[in-house]
Amino acid sequence: MKILVTGGLGFIGSHTVVELQHQGFEVVVIDNLSNSSEDVLDGISAITGKEPIFENLDLRDKKKLNGFFEKYPDIRGVIHFAASKAVGESVEEPLLYYENNLGVLTYLLQELKQKGNGNFIFSSSCTVYGQADSMPITEAAPVKPAESPYGNTKQVGEEIIRDTCNVNPELKAIALRYFNPIGAHPSAKIGELPLGVPQNLVPYITQTAIGIREKLAVFGDDYPTPDGTCIRDYIHVVDVAKAHVIALQRLLEGNNATNYEVFNLGTGTGSSVLEVIKSFEKVSGKKLNYNIAPRREGDVIQAYADTKKANTVLGWKAESSLDEAMKSAWEWEQKVRS
Ligand code: UFG
């Protein structure tokens, strides 16, 4: 069965392609290589023994997208990762984000609507909750005003899908709200490859430890948390990837309760920045160079998932620990720089 994975050479996309292939799906990847490389195809085939079909295509090109669906009329499901994801850049270039993340989404949904049967998985984010009023965060927690155009594209993206599914019963969609995906495939053949200076904690840690960055700045230690640093729900990317396959199977088998559903993808455990550093030091045996710096604008104090809905309704549960995820991130970093 043929599945389209947009952004399939990116961080979460590539791990999902691997899990889809493990489950016997035939994968077609669309990627414009704006934040990825064709080498990822080699990593995927080194793990699974099979290279996915690859189409280098910019999804903003509506005509080409239409041509793609004509070339592959037997696509049975779409997992849509392709999007811009840097919060700071989205503030500088809002139109780029609205075009890439929302314009493209409408094009894809139009294609699926035209096909008359669509199974669609959307990459959403815990950013939709902002600073939630209580922890852990359930899917019923209110969506708070977005802090950035990037965050707004996730909120509005969900609304676009919900509204479209409302009036097109032949379309079925699941939005997955990721907490903080980290780590790499245990084979160290694929992983995260941030362009330039990493904005996220874990690649910053591993790049510091390997000597590319001098020192990690811990953004604030005066938050109202046990050790003063922010708390997040860090989840192994392979667990996130597996959830996509399970969500897709739910739609393909018609097990969905309604034709638009939302699930949190987290571990249910919150870890502070200092705990992440400790975990890294434990699994790598290296001391990390870091200092305490001022707070970063826009950071919420804490966010971790209530995973009950994903556990019981989706039948999925994160399996890896923080230590395992950090170990895989470190092995990947060493492999990439060797
Ligand atoms: N942090 C540091 N130093 C760094 C980088 C991060 O101390 O160099 C801290 C942050 O302040 C935060 C924690 O590490 O407390 C995690 O930061 P990340 O940037 O790794 O992750 P965020 O939770 O900020 O970001 C995630 C997603 C984004 C999303 C955002 C919205 O990665 O896509 O949540 O809240 F937009």
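Each residue of the sequence shown is one higher than the one before, starting from 51 at the first, in our numbering. From the three backbone atoms N, C-alpha and C, an ideal C-beta is built for every residue, glycine too.
Whole angstroms are fine: how far does the CA of residue j sit from the CA of residue i?
i           : j           : result
residue 311 : residue 225 : 6 Å
residue 252 : residue 180 : 21 Å
residue 320 : residue 230 : 10 Å
residue 250 : residue 194 : 22 Å
residue 69  : residue 291 : 7 Å
residue 348 : residue 142 : 15 Å
residue 145 : residue 122 : 30 Å
residue 333 : residue 159 : 43 Å
residue 113 : residue 120 : 11 Å
residue 259 : residue 237 : 20 Å
residue 60  : residue 108 : 14 Å
residue 192 : residue 362 : 21 Å
residue 92  : residue 183 : 44 Å
residue 272 : residue 213 : 41 Å
residue 176 : residue 227 : 5 Å
residue 373 : residue 328 : 9 Å
residue 357 : residue 370 : 14 Å
residue 157 : residue 336 : 47 Å
residue 389 : residue 330 : This structure does not reach residue 389, given that the chain is present from 51 up to 388, and the question cannot be answered.
residue 263 : residue 254 : 8 Å
residue 106 : residue 322 : 39 Å
residue 243 : residue 86  : 7 Å
residue 100 : residue 71  : 8 Å
residue 339 : residue 384 : 17 Å
residue 31  : residue 196 : Coverage of the chain is limited to positions 51 through 388, which leaves residue 31 absent and any answer about it impossible.
residue 88  : residue 368 : 29 Å
residue 278 : residue 153 : 40 Å
residue 346 : residue 84  : 27 Å
residue 118 : residue 222 : 21 Å
residue 390 : residue 104 : A query on residue 390 cannot be resolved here, the shown segment of the chain reaching from 51 to 388 and no further.
residue 90  : residue 205 : 30 Å
residue 388 : residue 341 : 27 Å
Return the chain-ordered list of same chain residues with a C-beta closer than 7 Å to the C-beta of residue i, the five sequence neighbours on each side being excluded.
i           : result
residue 151 : 133, 134, 203, 207
residue 124 : 52
residue 67  : 55, 58, 77, 79, 94, 102
residue 63  : 55, 57, 131
residue 166 : 220
residue 75  : 51, 53
residue 289 : 368, 369, 370
residue 245 : 85
Which same chain residues, not among the five before or five after residue i, have their C-beta less than 6 Å away from its C-beta?
i           : result
residue 267 : 343
residue 325 : none
residue 140 : 147, 198, 199, 200
residue 171 : 129, 224, 294, 297, 298
residue 239 : 93, 96, 97
residue 173 : 131
residue 366 : 293, 296, 360
residue 241 : 234, 382
residue 73  : 295
residue 218 : 163
Roughly how far, in whole angstroms, is the beta-carbon of residue i from the beta-carbon of residue j, given that I think they are within contact range, below 8 Å?
i           : j           : result
residue 216 : residue 161 : About 18 Å separates the two Cβ atoms, so there is no contact after all.
residue 198 : residue 137 : 5 Å
residue 168 : residue 220 : 7 Å
residue 317 : residue 283 : 6 Å
residue 386 : residue 65  : Going by Cβ atoms, the distance from residue 386 to residue 65 rounds to 15 Å, so no, they are not a contact pair.
residue 315 : residue 285 : 6 Å
residue 302 : residue 110 : No, residue 302 and residue 110 are not in contact; Cβ-Cβ is about 28 Å, not under 8 Å.
residue 232 : residue 155 : Not quite, the Cβ-Cβ distance comes to about 25 Å (not below 8 Å), so this is no contact.
In its own chain, which residues sit with a C-beta less than 8 Å from the C-beta of residue i, not counting the 5 before and 5 after it?
i           : result
residue 359 : 188, 189, 313, 314
residue 364 : 293, 296, 297, 300, 313
residue 149 : 110
Measuring only between beta-carbons, confirm whether residue i sits less than 7 Å from chain B.
i           : result
residue 283 : Protein chain content of the structure displayed is limited to a single chain, and chain B is not contained in it.
Segment contact flag, the stretch 52 to 64 with the stretch 75 to 82, C-beta cutoff 8 Å, min 3 pairs: yes
Validate contact between the stretch 295 to 311 and the stretch 370 to 384 using beta carbons, cut 8 Å, 3 pairs: Contact between the stretch 295 to 311 and the stretch 370 to 384 is absent, because fewer than three Cβ pairs lie under 8 Å.
Cβ contact check for the stretch 173 to 189 and the stretch 353 to 360: 3 or more pairs under 8 Å: yes
Cβ contact check for the stretch 91 to 107 and the stretch 255 to 267: 3 or more pairs under 8 Å: no
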